[in-house]
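Data first, discussion second: the structure below is written as structure tokens.
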Amino acid sequence: MSTTTEAPQVKETTKTVDFKTIIDIKDMDLYYGTYHALKKVNLTIPEKAVTAFIGPSGCGKSTLLRTLNRMNDMIPNTRIEGLVDIAGTDIYSNEVDVETLRKKVGMVFQQANPFPKSIYDNVAYGPRLHGIKNKAQLDEIVEQSLKQAALWNEVKDFLKRSAFSLSGGQQQRLCIARALAVNPEILLMDEATSALDPISTLKIEELTQELKNKYTIVMVTHNMHQAARISDQTVFFLNGEVVEFDQTDKLFSNPSDKRTEDYITGRFG
Amino acid sequence: MIQRRDFDLALGELSTLLEEMGRRVERALVESVESLKTQDVARAKEIIEKDAELNQLENDIMDIGSKLILTQQPVAKDLRRILVAFRIASDLERMGDLSIDIAKVVVRLEGQPLIKELVDIPRMAEIVQKMIEDSIKAYEREDVDLAYKMAKEDDLVDQLYGQILRDLYQYIVENPHNASQVMLLNFVGRYIERIADHATNIGESVVYLVTNSRPDLNS
Numbered sequence: 224m225s226t227t228t229e230a231p232q233v234k235e236t237t238k239t240v241d242f243k244t245i246i247d248i249k250d251m252d253l254y255y256g257t258y259h260a261l262k263k264v265n266l267t268i269p270e271k272a273v274t275a276f277i278g279p280s281g282c283g284k285s286t287l288l289r290t291l292n293r294m295n296d297m298i299p300n301t302r303i304e305g306l307v308d309i310a311g312t313d314i315y316s317n318e319v320d321v322e323t324l325r326k327k328v329g330m331v332f333q334q335a336n337p338f339p340k341s342i343y344d345n346v347a348y349g350p351r352l353h354g355i356k357n358k359a360q361l362d363e364i365v366e367q368s369l370k371q372a373a374l375w376n377e378v379k380d381f382l383k384r385s386a387f388s389l390s391g392g393q394q395q396r397l398c399i400a401r402a403l404a405v406n407p408e409i410l411l412m413d414e415a416t417s418a419l420d421p422i423s424t425l426k427i428e429e430l431t432q433e434l435k436n437k438y439t440i441v442m443v444t445h446n447m448h449q450a451a452r453i454s455d456q457t458v459f460f461l462n463g464e465v466v467e468f469d470q471t472d473k474l475f476s477n478p479s480d481k482r483t484e485d486y487i488t489g490r491f492g
Numbered sequence: 148m149i150q151r152r153d154f155d156l157a158l159g160e161l162s163t164l165l166e167e168m169g170r171r172v173e174r175a176l177v178e179s180v181e182s183l184k185t186q187d188v189a190r191a192k193e194i195i196e197k198d199a200e201l202n203q204l205e206n207d208i209m210d211i212g213s214k215l216i217l218t219q220q221p222v223a224k225d226l227r228r229i230l231v232a233f234r235i236a237s238d239l240e241r242m243g244d245l246s247i248d249i250a251k252v253v254v255r256l257e258g259q260p261l262i263k264e265l266v267d268i269p270r271m272a273e274i275v276q277k278m279i280e281d282s283i284k285a286y287e288r289e290d291v292d293l294a295y296k297m298a299k300e301d302d303l304v305d306q307l308y309g310q311i312l313r314d315l316y317q318y319i320v321e322n323p324h325n326a327s328q329v330m331l332l333n334f335v336g337r338y339i340e341r342i343a344d345h346a347t348n349i350g351e352s353v354v355y356l357v358t359n360s361r362p363d364l365n366s
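If you're matching them up, the sequences are chains A and B in order.
For the first sequence, my numbering assigns the number 224 to the initial residue and increments by one for each residue that follows.
For the second sequence, my numbering assigns the number 148 to the initial residue and increments by one for each residue that follows.
Encoded structure:
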């Protein structure tokens, strides 16, 4: 051990990363009828990084994720107060077109949900919906999207086959390719690997590390070790509130809040 | 709400084993220096024989800790508890070996009268014994202040060792025929000084456990 003249020497164990904010949530409350599901949420999510939401069931993490592409609009009696700003736009303002928003903010769910169509048509679905008719252009988008989702090599010779012929893990990557095909900025992943086997899970985890170079990823996970492995920032929710938001390294090695420590060490929740 | 009861019990077992190692190391140091003072070869041999038990305790700690990492996937302070247990066990095992080395000197000096009555070596050993006691206490109580306070004593140990070296050098100049015993006594001083360094390492582990920072207490 080296000797120095000054004690104590404290080494900084967490990296500080300088990201640009893409999602800015200010004093946001969400009610399902009279139920207050999210309370005074203040959160800034950096772009081109993976942010993980963790917390026990019913803590509000999936609710907040669904707020980011207005999926909660489909639930009756949902009321939102406060600001949800994505890339400079208040996404709950009257001028915002929800379809355009969802093009910008794609989503992948717990259960892979391919359309009952071919692999090709699944990926081409979004671009076609947004008016792209040119075959060569669609071919290019399909290939690029499948490559980005690390699925191209496995399916390139069977693009006309039904999406249902794929394994669960492949179907989930197909859903990621489908989300990427409309060129989003943000990819929301709601428990996207919880129904997959460990190898498929690992593939998707590795994929997120590639995708974050180009996209912002916000994920909800019940698997804390997954959050620790692949996210840059982690947000811990409890009872509809953000308890702690920090660099993942810091949150999992030395959390600031006792409730976070109790949860991640498995002592409650 | 108490969850992970078995995990907590196993972490408790790690602490108990470390505390047991600490007590044994402390005793090994005291007894080896005592056997040197009294030139009690039989006692020195008993100390040497006990080394296997200390090694076994270290192995037990490694086994329990590895299994907990494998099965419990600990994070945050839980993970540090195990990492720190590995490190402290390894320090204590080395401290035990160094105490054995002192006992081996006693065996090698069998039949030779000591060149002088030992004063500084027992004094040094007394301070280091307290350092071992305090380092384990700091671990038990997760007491960062005590860890720093204990580590400060290392300066005094280094000073005493310097004094011993100077005295022995002076002696050897005047009595070159006793060089081999002087060398061995010098080694004893060095062994005790090394034990103190390992006690300081334990203090560092305590600070890491509590604060997640890595200080240098050997400054």
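Each residue gets a CB set at the ideal place from its N, CA and C atoms; glycine is no exception.
Computed from a prediction, not measured in an experiment: that's the story for all the values here.
Minimum Cβ-Cβ distance from residue i to chain B less than 8 Å
| i | result |
| --- | --- |
| phenylalanine 475 of chain A | yes |
| histidine 445 of chain A | no |
| threonine 227 of chain A | Low confidence applies here, because threonine 227 of chain A scores a pLDDT of 39, under 50, leaving its location unreliable; read the following figure in that light. Taking Cβ atoms only, chain B reaches closer than 8 Å to threonine 227 of chain A, which makes this a yes. |
| phenylalanine 459 of chain A | no |
| lysine 234 of chain A | Its pLDDT being 42, under 50, lysine 234 of chain A is placed unreliably in this model, and the value from its coordinates should be taken loosely. Cβ-Cβ to chain B under 8 Å: yes for lysine 234 of chain A. |
| glycine 209 of chain A | Because residue 209 of chain A is not part of the residues shown, which for chain A are 224 to 492, the question remains open. |
| alanine 167 of chain A | In the structure as shown, chain A starts at 224 and stops at 492, and residue 167 of chain A therefore has no counterpart that could be examined. |
| glutamate 484 of chain A | yes |
| proline 279 of chain A | no |
| histidine 259 of chain A | no |
| threonine 239 of chain A | Unreliable positioning characterises threonine 239 of chain A in this predicted model, as indicated by a pLDDT of 49, which lies under 50. A coordinate reading is not provided. |
Best match in the options for proximity to residue i [C-alpha to C-alpha]
| i | options | result |
| --- | --- | --- |
| aspartate 244 of chain B | B:Ser352, B:Gly169 and B:Gln150 | B:Gly169 |
| alanine 404 of chain A | A:Ala372, A:Ile303 and A:Thr301 | A:Ala372 |
| methionine 294 of chain A | A:Ile314, A:Leu434 and A:Asp344 | A:Ile314 |
| isoleucine 262 of chain B | B:Leu183, B:His345, B:Arg152 and B:Gly212 | B:Leu183 |
| valine 254 of chain B | B:Pro221, B:Thr185 and B:Leu293 | B:Thr185 |
| arginine 267 of chain B | B:Gly159, B:Glu340, B:Val353 and B:Glu167 | The amino acid at residue 267 of chain B is misidentified as arginine; the sequence shows aspartate. When only C-alpha atoms are compared, the closest one is B:Glu340. |
| threonine 218 of chain B | B:Gln306, B:Val291, B:Asp292 and B:Asp153 | B:Asp153 |
| glutamate 240 of chain B | B:Val354, B:Leu165 and B:Gly159 | B:Leu165 |
| methionine 278 of chain B | B:Thr358, B:Gly350 and B:Ile194 | B:Gly350 |
| threonine 424 of chain A | A:Pro337, A:Lys481, A:Val441 and A:Arg452 | A:Arg452 |
| lysine 340 of chain A | A:Thr312, A:Asp480, A:Met297 and A:Ser388 | A:Ser388 |
| leucine 215 of chain B | B:Ser237, B:Arg270 and B:Ala157 | B:Ala157 |
| phenylalanine 460 of chain A | A:Ala272, A:Phe276, A:His259 and A:Lys271 | A:Phe276 |
| asparagine 292 of chain A | A:Phe332, A:Ala260, A:Trp375 and A:Glu467 | A:Phe332 |
| glutamate 414 of chain A | A:Thr444, A:Pro279 and A:Glu429 | A:Thr444 |
| arginine 228 of chain B | B:Glu193, B:Glu289, B:Arg337 and B:Arg151 | B:Glu289 |
| valine 441 of chain A | A:Thr267, A:Lys263, A:Thr257 and A:Ala260 | A:Thr267 |
| isoleucine 194 of chain B | B:Gln150, B:Gly212, B:Ser213 and B:Glu173 | B:Glu173 |
| glycine 212 of chain B | B:Ala236, B:Val304 and B:Ala191 | B:Ala236 |
Outcome for residue i when other beta-carbon atoms lying within 10 angstroms are tallied against a minimum of 16
| i | result |
| --- | --- |
| asparagine 265 of chain A | exposed |
| valine 458 of chain A | buried |
| lysine 379 of chain A | exposed |
| alanine 503 of chain A | The requested residue 503 of chain A is not part of the displayed model; chain A covers only 224 to 492. |
| alanine 189 of chain B | exposed |
| methionine 447 of chain A | buried |
| valine 180 of chain B | buried |
| glutamine 259 of chain B | exposed |
| glycine 391 of chain A | exposed |
| lysine 238 of chain A | Residue placement at lysine 238 of chain A cannot be trusted, given a pLDDT of 45 that sits under 50; what the coordinates show is reported in the next sentence. Classification for lysine 238 of chain A: exposed. |
| asparagine 206 of chain B | exposed |
| proline 421 of chain A | exposed |
| asparagine 348 of chain B | buried |
| glutamine 306 of chain B | exposed |
| alanine 359 of chain A | exposed |
Interface flag, residue i vs chain A, CB-CB below 8 Å
| i | result |
| --- | --- |
| asparagine 359 of chain B | yes |
| arginine 170 of chain B | no |
| arginine 151 of chain B | yes |
Scan the region 212-228 of chain B for residues whose Cβ lies nearer than 9 Å to a Cβ of chain A and list them as they occur along the chain. For the region 212-228 of chain B, which is checked against every Cβ of chain A, the residues closer than 9 Å are Gln219, Gln220, Pro221, Val222, Ala223, Lys224, Asp225, Leu226 and Arg227.
Decide yes or no for the touch test of the region 323-332 of chain B against the region 295-310 of chain B: beta carbon pairs closer than 8 Å, at least 3 of them. Put simply, the region 323-332 of chain B does not touch the region 295-310 of chain B. Fewer than three CB pairs are less than 8 Å apart.
Mind listing which residues of the region 396-411 of chain A have their C-beta closer than 8 Å to chain B's C-betas, in chain order? none
Cβ-based contacts, 9 Å cut-off: residues of the region 337-355 of chain A near chain B: The region 337-355 of chain A vs chain B, Cβ under 9 Å: nothing.
Per the contact definition of three or more C-beta pairs closer than 8 Å, is the region 294-305 of chain A in contact with the region 242-256 of chain A? yes
Kindly confirm or deny that the region 188-205 of chain B and the region 282-297 of chain B touch, where touching means at least three C-beta pairs closer than 8 Å. no
So, does the region 338-352 of chain A touch the region 395-403 of chain A, judging by three or more C-beta pairs under 8 Å? yes
Pull out every residue of the region 419-436 of chain A whose Cβ sits closer than 8 Å to any Cβ of chain B, in chain order. none
Could you please tell me which residues of the region 269-297 of chain A, in chain order, have their CB closer than 7 Å to any CB of chain B? Flagged: no residues at all.
Anything in the region 299-322 of chain A with a Cβ closer than 8 Å to a Cβ of chain B? List those residues in chain order, please. none
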